[in-house]
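Scroll down for the structure; my scribbles are underneath it.
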Amino acid sequence: MAKVAPTVADLIAQNVREGGLELGGIEVLDEATLLSPIDLQCVKACGVTFAVSALERVIEERARGDYRKAQELRGKIEDALGGSVRTTVPGSPEADALKQTLIGEDLWSQYLEVAIGPDAEVFTKCPVLATVGQDADIGVRSDSSWNNPEPEVVMVAGPDGKAVGATLGNDVNLRDFEGRSALLLGKAKDNNASCSLGPFIRLFDDGYTIEDVRSADVAMTIEGTDGYRLEGHSTMREISRDPEDLLGQAMSEHQYPDGLVLFCGTLFAPTQDRDEPGKGFTHKVGDTVTISSARLGTLTNTVRTSAEVAPWTFGLSDLFQNLAKRGLL
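Using this note's numbering, you'd call the opening residue of the sequence shown number 200 and step up by one each time.
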């Protein structure tokens, strides 16, 4: 499609779906390396969009990023907040009443504010061109001891803010960093190779629409070199805010002339012990993370430390020099 439009952002902005060069059948992919399916789009993400993730963020906050305290707190937090958070519509009068009650009981949290308040959490996951694709290494900081993958459906939007399709993503998260302070969110989320997308963008058409995004089920498997295996899932049916509402909030009073992708969040929050009792889950180098959804395909990556993963060296100037040399501009 490069002869039709030089970038994926251009293809989406111009709504171009035909005219590319036929490269062969799907078997040619066996010999290919798939890059991330986006290029110039900004990479945004919404967090705390599921009740389970809201409770886990509160636990991290109360534990101050110490995994050893998390198990003790989990039951208490679930008993105190679980039912009310799950049944409350964000931004509703009932949500505001619940907030006042929880403040009075000293149970309110900044994470509950974005879970049930009027404003969703929207943050920048990584810079333009910093995402990795199918079969690439993904990175966690070498100084993190409590971290996990976050399997998510990712909305793809053009510069007009309208959703045009979706893909899968792994919003790698460092629970110990964010738990110590919400001001460490940038360091918890944005590191070398800490964001994967793929395998492809599925564009909306008569056979795949926003309704399919709203009902999508996402499965995930983690397999360690030590024989460890963990299976998890997330379903968009349990999201607390509609995907188009999240997109609207991300675009509110902000323009993205090259479009954007938006991670919608996940209900997956692993709590099973991997090693010693009470320590919970954390990644080990060599873990294989496989995220799949029936209508979006499968995204597989291998965990390394961000210090070990190949450095990110191909930036915007490199892209445009490359396009110019190929006569595509």
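C-beta: ideal position from N, C-alpha, C; glycine also.
Per the C-alpha coordinates, the member of L239, C463, D389 and Y427 positioned closest to I409 is C463. Assignment of M200 by DSSP, reduced to helix, strand and coil, places it in the coil class. Just so you know, the alpha carbons of I276 and V257 end up roughly 8 Å apart. In the DSSP assignment, F462 falls outside any alpha helix (DSSP H) and within the unbroken beta strand (DSSP E) covering L459 to F462.
In the three-state DSSP reduction, R428 falls in the strand class (E or B).
Annotation: P456 to P358 spans about 5 Å, alpha carbon to alpha carbon. A distance below 6 Å between beta-carbons, with the five flanking residues on each side excluded, links S439 to the following residues of its chain, in chain order: T248 and P289. Counting only residues of its own chain and dropping the five nearest sequence neighbours on each side, L383 has a CB closer than 7 Å to the CB of F376 and E377.
The alpha carbon of S491 has as its nearest neighbour, out of P348, G479 and V417, the alpha carbon of V417. Using a Cβ distance threshold of 9 Å, K483 and R473 count as a contacting pair. Per DSSP, the unbroken alpha helix (DSSP H) holding P292 starts and ends at P292 to G303. Of the residues G223, S235, A269 and I225, the one whose Cα lies closest to the Cα of D334 is S235. The Cβ-Cβ distance between D336 and A449 does not fall below 9 Å. Below 8 Å, too few C-beta pairs join the stretch 354-368 and the stretch 337-346 to call them touching: fewer than three. Cβ atoms of R273 and T470 come within 8 Å of each other, at about 7 Å. The straight-line gap separating the alpha-carbon atoms of K298 and V215 is approximately 47 Å.
With 16 or more other CB atoms across the displayed protein chains lying within 10 angstroms of its CB, E255 is buried. When DSSP states are grouped into helix, strand and coil, F322 belongs to the strand group. Sorting T487, P442, Q454 and G447 by C-alpha distance to the C-alpha of G426 places T487 at the top.
Shown here for D389: same chain residues with a beta carbon closer than 6 Å to its own, the five before and five after excluded, namely C325 in chain order.
Of the other Cβ atoms in all chains shown, fewer than 16 fall within 10 Å of the Cβ of S414; this residue is therefore exposed.
For E217, there is no enclosing alpha helix (DSSP H), as DSSP marks it with neither H nor E. Partner residues in the beta bridge of D370, as assigned by DSSP, are C394. Secondary structure at P442: helix, using DSSP grouped into helix, strand and coil. Of the other Cβ atoms in all chains shown, fewer than 16 fall within 10 Å of the Cβ of L220; this residue is therefore exposed. Annotation: the continuous alpha helix (DSSP H) that includes K268 extends over Y266 to T286.
Distance from the CA atom of K243 to the CA atom of E437, rounded to whole angstroms, is 21 Å.
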